[in-house]
Amino acid sequence: HSRDLFRMHDTAVRAAALFFPPTDLVDYGGREFVFFAAEGPHLIRLLVEAGAPPLGPKTFRKLLEALSPARQVRAAPPPFLLIHGDADVIVPVSQSEKLADAVRAAGGTADLIIKPGGGHPWPDIRNEIERMADWLAAHLQ
C-alpha cells in the first residue's frame with residue numbers, strides 16, 4: 029500500500045524556505061485580514077467550507093489564528109529561510125519578520141533576507157532563487 033511507503037521514511041520537516049509568505053492572518057500588516065472578504069470573496073472560500081453558515085467575529089478570528097503559521101510555531105522548529113521584498117504591496121514584509129521572530133522565540137533558527145525595493149516578486153529574483161537552492165542543499169544534507 030502507498031501508506032506503507034510513508035512508514036519507511038521520516039516525514040518530519042527538516043527545513044523550510046519561503047518567498048514572501050503570509051504568516052499572520054489576524055494582523056496582516058496592521059490591517060485585519062477581513063478586508064480581503066470584500067476584495068476577494070474567493071479567498072474566504074479557501075478558509076471556510078462552501079455552504080457553511082457565516083462565522084461570527086470570534087469564530088472567524090480563531091480560524092485565522094489557526095491558519096497563521098506565525099501563531100502556530102511549536103518548540104524546536106526546523107530551520108527557516110524567509111526571503112521578502114521591502115516594497116511588497118501584496119504581502120507586507122512584516123509577515124516574514126513575524127514568522128522569523130516566532131521561530132527564534134521557539135528555539136529555532138530563521139534566516140531573513142529582505143530584498144531592497146523587491147515587490148511580489150521582483151524582476152531579478154533569480155539571485156534569491158539560487159540562494160534558496162544553496163541554503164536548502166546545505167540544510168538537507
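Letter by letter, the sequence shown follows residues 29 to 169 of this note's numbering.
Glycine residues also receive a C-beta, built at the ideal position from the N, C-alpha and C atoms.
A quick note: this is a predicted structure, and the numbers were derived from the prediction, not measured.
Supposed close pair residue i, residue j - CB separation, criterion 8 Å
{"i": "S124", "j": "L140", "result": "6 Å"}
{"i": "D129", "j": "S96", "result": "The Cβ separation is near 13 Å, so there is no contact."}
Span of the beta strand (DSSP E) around residue i
{"i": "F108", "result": "F108 to G113"}
{"i": "D139", "result": "A138 to K143"}
Residue-level contact to chain B via CB, residue i, 7 Å cutoff
{"i": "F47", "result": "Note that chain B does not occur in the displayed structure, where there is just one protein chain."}
Residue i: first and last residue of the uninterrupted alpha helix (DSSP H) it sits in
{"i": "F88", "result": "P85 to A94"}
{"i": "L46", "result": "Careful: L46 lies outside any alpha helix (DSSP H), inside the beta strand (DSSP E) at A44 to F47."}
{"i": "I118", "result": "Element bounds for I118: n/a, residue is neither H nor E."}
{"i": "L164", "result": "R154 to H167"}
Residues near residue i by beta carbon distance below 7 Å, same chain, minus five either side
{"i": "A103", "result": "A134 and G135"}
Sequence-distant residues of the same chain with beta carbon closer than 8 Å to residue i, five excluded per side
{"i": "R132", "result": "A138"}
Beta-carbon contacts of residue i that lie in its chain and below 6 Å, excluding the five residues immediately before and after
{"i": "R99", "result": "E93"}
Spatial distance of residue i from residue j (CA atoms)
{"i": "V54", "j": "A44", "result": "22 Å"}
{"i": "M160", "j": "L109", "result": "8 Å"}
{"i": "V117", "j": "H148", "result": "7 Å"}
{"i": "G84", "j": "Y56", "result": "19 Å"}
{"i": "V76", "j": "R89", "result": "12 Å"}
Exposed unless 16 or more other CB atoms sit within 10 angstroms - verdict on residue i
{"i": "L127", "result": "buried"}
{"i": "E156", "result": "buried"}
{"i": "V41", "result": "exposed"}
{"i": "G145", "result": "exposed"}
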